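Before any comments, here is the structure.
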Amino acid sequence: MRQELTSFDGGTAIRQRRASPMAWLLAAPLFAWVVAFVVAPTLIMLVYSLCERGTLGGVVYHFTWENYAAVADPTYLNILVRSVVFSLVTTLACLVMGYPVAFYIGRAPEARRNLLLMLVMIPFWTSFLIRTYAWVTILKSEGLLNSVLLQVGMITQPFEMLYTPGAVILGLVYTFLPFMILPIYTSVEKLDNALIEAAFDLGAGPVRAFSKVIVPMTSPGITAGILLVFVPALGLYAVNDILGGGKVDMIGNIIENQFKGSARNWPFGAALGMTLVVAFAAALWYTGRRPRTA
Amino acid sequence: MKRVNTMLAAWTAATMLFLYLPIAILIGFSFNTSRLNIVWQGFTLEWYAAIWRDAVLVKSLENSLYIASVTTAISVVLGTAGAWLLYRYRFPGARMWQTLIFVPMLVPEVIMGVSLLIFFVVIHLELGFTSIVISHVTFCFPFVLVAVQARLAGLDPALEEAAMDLGATPVGAFRRVLVPYLMPAIISGALMSFTLSLDELIVTYFTASAGTRTLPLEIFGRVKKGLDPTLNAISTVFILFTAVLVVTTELLKRRGTSLASEPPQP
Numbered sequence: 015m016r017q018e019l020t021s022f023d024g025g026t027a028i029r030q031r032r033a034s035p036m037a038w039l040l041a042a043p044l045f046a047w048v049v050a051f052v053v054a055p056t057l058i059m060l061v062y063s064l065c066e067r068g069t070l071g072g073v074v075y076h077f078t079w080e081n082y083a084a085v086a087d088p089t090y091l092n093i094l095v096r097s098v099v100f101s102l103v104t105t106l107a108c109l110v111m112g113y114p115v116a117f118y119i120g121r122a123p124e125a126r127r128n129l130l131l132m133l134v135m136i137p138f139w140t141s142f143l144i145r146t147y148a149w150v151t152i153l154k155s156e157g158l159l160n161s162v163l164l165q166v167g168m169i170t171q172p173f174e175m176l177y178t179p180g181a182v183i184l185g186l187v188y189t190f191l192p193f194m195i196l197p198i199y200t201s202v203e204k205l206d207n208a209l210i211e212a213a214f215d216l217g218a219g220p221v222r223a224f225s226k227v228i229v230p231m232t233s234p235g236i237t238a239g240i241l242l243v244f245v246p247a248l249g250l251y252a253v254n255d256i257l258g259g260g261k262v263d264m265i266g267n268i269i270e271n272q273f274k275g276s277a278r279n280w281p282f283g284a285a286l287g288m289t290l291v292v293a294f295a296a297a298l299w300y301t302g303r304r305p306r307t308a
Numbered sequence: 080m081k082r083v084n085t086m087l088a089a090w091t092a093a094t095m096l097f098l099y100l101p102i103a104i105l106i107g108f109s110f111n112t113s114r115l116n117i118v119w120q121g122f123t124l125e126w127y128a129a130i131w132r133d134a135v136l137v138k139s140l141e142n143s144l145y146i147a148s149v150t151t152a153i154s155v156v157l158g159t160a161g162a163w164l165l166y167r168y169r170f171p172g173a174r175m176w177q178t179l180i181f182v183p184m185l186v187p188e189v190i191m192g193v194s195l196l197i198f199f200v201v202i203h204l205e206l207g208f209t210s211i212v213i214s215h216v217t218f219c220f221p222f223v224l225v226a227v228q229a230r231l232a233g234l235d236p237a238l239e240e241a242a243m244d245l246g247a248t249p250v251g252a253f254r255r256v257l258v259p260y261l262m263p264a265i266i267s268g269a270l271m272s273f274t275l276s277l278d279e280l281i282v283t284y285f286t287a288s289a290g291t292r293t294l295p296l297e298i299f300g301r302v303k304k305g306l307d308p309t310l311n312a313i314s315t316v317f318i319l320f321t322a323v324l325v326v327t328t329e330l331l332k333r334r335g336t337s338l339a340s341e342p343p344q345p
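These protein sequences, in sequence, are chains W and Z. Sequential numbering from 15 applies to the first sequence in our numbering. Sequential numbering from 80 applies to the second sequence in our numbering.
Written as structure tokens, this is what we have:
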């Protein structure tokens, strides 16, 4: 399914004809849709980010760098750094947890592979909102985990697990783990057994075979997995809302607050949004630039 | 090597437990008599009945189903036609178009939501069903397009040519030969876009009006207030729906690949 995301080449280029006027006409709705609802909104957001804030929450079309200067303000810079740290920890945890799973699934016999793949797909397609809510039950101070821990005597008093940074990162890892497993699985599945055996025959130990052969050959999947986790995790403020209880802000919360919350500063929100766009474009460019072995 | 494999198997099992235990607990408590999701008191279907008595929840479900249906219909047409055209014809800048189509699948939802909100305000489109459907189609149709493209990649070009040699017009060949061949991909793309639209929270949050609250928006508002077994019940329904969808899509894909070598039935 989304594993096709690992290749940006689209369909194969065989037997293509030059686009006729008729073909252009047929494709017009598609291109128009993309221009109108992907390109134009991004450009308008860029324009907004360079405008002054009007009274009553509007904008004044008067050029200024002020909003970007505000992004660099220590208050927001701190939030930005925190968001990046949270995302990095999430990405790393997903990679460490997910890689062995993807590897195992990719090398398993077909029937088991299909079953395990389906087991990864179900959480992949289940709303993150519901999956995050599931953790509220478990982590609440009068919740399941605390009562279990009390019962077995590991703790004497329930302690607050919900509304902590740890809970937010746990929620993010839980949300994004399948997004790491699936692209890596796609790369592992394409691995040539003979190459791994050759590495062993030539005297490589498991560690060297892994680091010198397996990791480089699955790097397209690893890169795609990082792309699918790191940037989206930066923006997924709702997990922070639910499991962090609004105690600490992430960049997504600040953006949301500029548009829908009490702050009401659209140009500043747009500037924060553009910061994320740049991060996203950089990640996309980096992924596209890498030579693909598979 | 065998020991490594055992360790990997154990790791995978532990990860599956991590992925499914919270979901299992969530489902379990949807059948619990107690209002507080802490101890098991007894079996009940009360919370499932409570969904239907909750007019606000039912209204938001109706909104969501309506939006997901319209979104899916538009996405299927746009995605299928788009995939075929990009496959069949060489457009200048095809790679750029392809990347632009992919962007909404990958971009953080908050960026999409915010940029579309500004866009709708600038073009003076009042927020409501139209703005939500436009937003949803924008990130749903690429999934149809990708699914159809994947199937087109395995197409025998002789098939379409044979149809045209036998007198079919390009559009006729598309309708009579290609569409049946692509059907498994179209159906799985449609199921994906329906689920994505039904589940979407953040883009919808920015592009909805007060009168067009969807189910995820309603759930999100209630989750922030605290635990509620009705939420467990409705979540369970969603999870089961997703599970059925995934299994169906996988079966379709498998049937699709086994059919790839045979000519499709007209």
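By construction, the Cβ of each residue, glycine as well, lies at the ideal position given by its N, Cα and C atoms. Here the structure is a predicted model, which means the values were calculated and not measured.
Beta-carbon contacts of residue i that lie in its chain and below 7 Å, excluding the five residues immediately before and after
{"i": "threonine 286 of chain Z", "result": "Gly192, Leu195, Leu196, Phe199, Leu206, Ser210, Ile211, Ser214"}
{"i": "tyrosine 251 of chain W", "result": "Met264, Gly266, Asn267, Glu270"}
{"i": "arginine 292 of chain Z", "result": "Ser139, Asn142"}
{"i": "glutamate 239 of chain Z", "result": "Ala252, Val256, Leu257"}
{"i": "serine 101 of chain W", "result": "Phe244, Ala247, Leu248"}
{"i": "aspartate 278 of chain Z", "result": "Pro295"}
CA nearest to the CA of residue i, picked from the options
{"i": "tyrosine 199 of chain W", "options": "W/Thr232, W/Leu184, W/Pro281, W/Met111", "result": "W/Thr232"}
{"i": "phenylalanine 117 of chain W", "options": "Z/Thr315, Z/Thr94, Z/Val302", "result": "Z/Thr94"}
{"i": "alanine 289 of chain Z", "options": "Z/Ala128, Z/Ser139, Z/Val325", "result": "Z/Ser139"}
{"i": "leucine 41 of chain Z", "options": "Z/Pro263, Z/Gly305, Z/Arg292, Z/Val316", "result": "Since the first residue shown for chain Z is 80 and the last is 345, residue 41 of chain Z is missing from the structure and cannot be characterised."}
{"i": "phenylalanine 108 of chain Z", "options": "Z/Trp119, Z/Ile202, Z/Val225", "result": "Z/Trp119"}
{"i": "threonine 309 of chain Z", "options": "Z/Tyr168, Z/Leu296, Z/Leu124", "result": "Z/Leu124"}
{"i": "glutamate 188 of chain Z", "options": "Z/Ile281, Z/Thr321, Z/Arg230", "result": "Z/Ile281"}
{"i": "arginine 31 of chain W", "options": "Z/Thr217, Z/Tyr168, Z/Pro249", "result": "Z/Tyr168"}
{"i": "leucine 248 of chain W", "options": "W/Ala297, W/Val134, W/Val74", "result": "W/Ala297"}
{"i": "leucine 306 of chain Z", "options": "W/Ala84, W/Tyr147, W/Arg222", "result": "W/Tyr147"}
{"i": "leucine 157 of chain Z", "options": "W/Pro43, W/Leu164, W/Phe224", "result": "W/Pro43"}
{"i": "leucine 275 of chain Z", "options": "Z/Leu136, Z/Ile180, Z/Ala103, Z/Pro221", "result": "Z/Pro221"}
{"i": "valine 52 of chain W", "options": "Z/Lys303, Z/Thr159, Z/Met184", "result": "Z/Met184"}
{"i": "threonine 112 of chain Z", "options": "Z/Gly172, Z/Ala312, Z/Ala237", "result": "Z/Ala312"}
{"i": "isoleucine 183 of chain W", "options": "W/Glu203, W/Asn279, W/Asp87, W/Asn254", "result": "W/Asn254"}
{"i": "tyrosine 62 of chain W", "options": "W/Ile144, W/Phe294, W/Phe224, W/Gln272", "result": "W/Gln272"}
{"i": "threonine 328 of chain Z", "options": "Z/Val135, Z/Leu277, Z/Ile146, Z/Val223", "result": "Z/Val223"}
{"i": "alanine 33 of chain W", "options": "Z/Phe273, Z/Phe218, Z/Phe208, Z/Tyr166", "result": "Z/Tyr166"}
{"i": "phenylalanine 193 of chain W", "options": "W/Thr170, W/Met135, W/Leu60", "result": "W/Met135"}
{"i": "glycine 72 of chain W", "options": "W/Ala277, W/Val166, W/Ala46, W/Val227", "result": "W/Ala277"}
{"i": "valine 316 of chain Z", "options": "Z/Phe110, Z/Ala237, Z/Ala134", "result": "Z/Phe110"}
Buried versus exposed call for residue i [16 or more other C-beta atoms within 10 Å across all chains shown]
{"i": "tyrosine 113 of chain W", "result": "buried"}
{"i": "alanine 92 of chain Z", "result": "exposed"}
{"i": "tyrosine 300 of chain W", "result": "exposed"}
{"i": "threonine 294 of chain Z", "result": "Reading off the sequence shown, one finds leucine at residue 294 of chain Z, where the question assumed threonine. Buried."}
{"i": "tyrosine 260 of chain Z", "result": "buried"}
{"i": "threonine 89 of chain W", "result": "exposed"}
{"i": "phenylalanine 282 of chain W", "result": "buried"}
{"i": "methionine 175 of chain Z", "result": "exposed"}
{"i": "alanine 160 of chain Z", "result": "buried"}
{"i": "leucine 96 of chain Z", "result": "exposed"}
{"i": "arginine 67 of chain W", "result": "buried"}
{"i": "glutamine 177 of chain Z", "result": "buried"}
{"i": "tyrosine 284 of chain Z", "result": "buried"}
Same chain only: Cβ atoms within 6 Å of residue i, ignoring 5 sequence neighbours per side
{"i": "alanine 269 of chain Z", "result": "Thr151, Val155"}
{"i": "glycine 121 of chain Z", "result": "Thr112"}
{"i": "valine 34 of chain Z", "result": "One cannot answer for residue 34 of chain Z here, as it falls past the ends of chain Z, which runs 80 to 345."}
Proximal residues to residue i (C-beta, below 8 Å), its chain only, five neighbours per side dropped
{"i": "threonine 151 of chain W", "result": "Gly157, Leu158"}
{"i": "valine 187 of chain W", "result": "Thr104, Ala107, Cys108, Met111"}
{"i": "arginine 132 of chain Z", "result": "none"}
{"i": "tyrosine 99 of chain Z", "result": "none"}
With contact counted as at least three CB pairs below 8 Å, one residue from each stretch, are the region 229-244 of chain W and the region 123-141 of chain W in contact?
-> no
Which residues, in chain order, does the region 147-163 of chain W contribute to contact with chain Z at a C-beta distance below 8 Å?
-> Tyr147, Ala148, Trp149, Val150, Thr151, Ile152, Lys154, Glu156, Gly157, Leu158, Ser161
Taking any Cβ of chain W, which residues in the region 124-157 of chain Z have a Cβ under 7 Å from it, in chain order?
-> Leu157
Check whether the region 283-292 of chain W touches the region 78-93 of chain W, taking contact to mean three or more Cβ pairs, one atom from each stretch, closer than 8 Å.
-> yes
Between the region 129-143 of chain W and the region 208-223 of chain W, do at least 3 Cβ pairs fall closer than 8 Å?
-> no
Could you list the residues in the region 221-255 of chain W with a C-beta less than 9 Å from some C-beta on chain Z, going in chain order?
-> Leu241, Leu242, Val245, Pro246, Ala247, Leu248, Gly249, Leu250, Tyr251, Ala252, Asp255
Selection of the region 262-292 of chain W by Cβ proximity to chain Z, strictly under 8 Å | Gly266, Ile269, Glu270, Phe273, Lys274, Trp280, Gly283, Ala284, Gly287, Leu290, Val291
Touch check for the region 228-235 of chain Z and the region 308-325 of chain Z: three-plus C-beta pairs under 8 Å?
-> no
Where the region 188-215 of chain Z meets chain W: residues whose CB sits under 7 Å from a CB there | Glu188, Val189, Ile190, Val193, Ser194, Leu195, Leu196, Ile197, Phe198, Val201, Ile213
Residues of the region 302-322 of chain Z with a CB closer than 7 Å to any CB of chain W: list them in chain order, please.
-> Val302, Lys303, Leu306, Leu310, Ser314, Phe317, Ile318, Thr321, Ala322
Anything in the region 83-112 of chain Z with a Cβ closer than 7 Å to a Cβ of chain W? List those residues in chain order, please.
-> Val83, Leu87, Ala88, Trp90, Thr91, Thr94, Met95, Leu98, Pro101, Ile102, Ile104, Leu105, Phe108
If you measure beta-carbon to beta-carbon, which residues of the region 281-293 of chain Z are closer than 8 Å to chain W?
-> Ile281, Tyr284, Phe285
Using a beta-carbon distance cut-off of less than 9 Å, what residues from the region 257-283 of chain Z approach chain W?
-> Ser267, Met271, Thr274, Leu275, Leu277, Asp278, Glu279, Leu280, Ile281
Please name the residues in the region 169-186 of chain W whose beta-carbon is closer than 7 Å to at least one beta-carbon of chain Z, in chain order.
-> none
Chain-ordered residues of the region 79-93 of chain W with a beta carbon less than 9 Å from chain Z | none
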